[in-house]
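Have a look at the structure below, then the notes.
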Amino acid sequence: MDIDNLSLINLFLDKTKREPLEELVEMGKNKLANPPKVWANSCKERCTNDEAWYLLIDMSLRVDDFLGVQIKDFPSLHCGSSYPLPFVLSSVPSMSGVVFGLYLANKAVSLEQISEANVILGASVFLSGVSTALLINAVRDNNSGLYNRKTKKITVKRAEFKQRLSSILAHEYTHHIQNERIPFFHPNYKVFFEGHAMGVEKHITETLAEEKKDFAYIQQSNHLQSHLEVALEILQDYKQGKTINPAELFLTYRHTIGHALFQLAERKHGKEIYADALKGNYSFLE
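Quick note: to get this note's numbering, add 3 to the position in the sequence shown (first position is 1).
Next comes the structure, spelled out in structure tokens:
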């Protein structure tokens, strides 16, 4: 099956997915509202740069085991107050191209209709500006990390809470595995890759919480639950007849849609889907 951004966005908008997604949202809400009474909730430890490095090693071993892989080329790690400007700027052209492609696909525009240079140039400049603004917002988001597929470097916020950093590193290291194992690790498949990484992140976080009996690991990754709730709102709006633009969905909700699709697939087929995805088997998304 096709797993490009537009195909997965259209798959997500299948109205039959609304009911099982409602069940997943309710299950998540109940889990967050009812922590085990014997568990701790100790989100107090902030990691030094050295501790972050050792934590990345720990997360890599856990992710490798979960996905059944062995990666020889280990990523580098940068802990800082901001993300490298060269990475932000280098991401603009590819992101712009993806958004432009989604726009054309949504409008069913023919090649003849976009042959005039001024149309292409105007659209490209506009979309580059949009992409830059989005990336700058990402730089300001202290709850996330970044993986640079060209330099194979993971960048995270300095002095992050250990529980939160565990979640971030599991996610970004999964992107590194994708880059090493999947030949088309490219923004055209961003929805797929984010959904896959978020699902792995969820399993690693829940495993850590169980092992350490610390509910802070669950709380520090509650953004995963928020994404499912937003996905349900999008489907509800769509069912009520609201016009949905795939380019807008990609720009704003690519993580949300990817996470929802993988959680729905896991609900039906089990956690083996994450290892299957690295082997080129995507039938679980159908």
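Glycine included, every Cβ here is placed at the ideal spot set by N, Cα and C. Since the model is a prediction, treat every value here as computed from it, not as a measurement.
Backbone CA spacing between residue i and residue j [nearest angstrom]
i	j	result
residue 190	residue 41	43 Å
residue 283	residue 199	13 Å
residue 4	residue 193	16 Å
residue 3	residue 64	With the chain covering only 4 through 289, there is no way to say anything about residue 3.
residue 21	residue 230	14 Å
residue 53	residue 8	37 Å
residue 236	residue 260	11 Å
residue 57	residue 233	34 Å
residue 212	residue 82	24 Å
residue 157	residue 180	12 Å
Exposure label - residue i; buried when at least 16 CB within 10 Å
i	result
residue 60	exposed
residue 73	exposed
residue 197	buried
residue 182	buried
residue 217	buried
residue 35	exposed
residue 272	exposed
residue 265	buried
Simplified DSSP state of residue i, which is helix, strand or coil
i	result
residue 189	coil
residue 124	Note on residue 124: pLDDT 45, under 50, position unreliable in the model; the coordinate value appears next. In the structure shown, residue 124 sits in a helix (DSSP, three-state: H, G or I).
residue 57	helix
residue 214	helix
residue 277	helix
Residue i - containing beta strand (DSSP E), residue span
i	result
residue 79	79-83
residue 157	156-160
residue 151	149-151
Enclosing alpha helix (DSSP H) for residue i [first to last residue]
i	result
residue 256	249-272
residue 177	165-184
residue 31	21-36
residue 6	Careful: residue 6 lies outside any alpha helix (DSSP H) and carries neither H nor E.
residue 242	226-242
residue 220	219-222
Whole-angstrom C-beta distance between residue j and residue i, which should lie under 8 Å
i	j	result
residue 169	residue 62	6 Å
residue 288	residue 262	The Cβ separation is near 13 Å, so there is no contact.
residue 203	residue 177	4 Å
residue 220	residue 166	5 Å
residue 171	residue 69	Contact flag wrong, Cβ pair sits at about 16 Å.
residue 267	residue 11	Rounded, the Cβ-Cβ distance is 12 Å, inconsistent with contact.
residue 164	residue 270	Going by Cβ atoms, the distance from residue 164 to residue 270 rounds to 29 Å, so no, they are not a contact pair.
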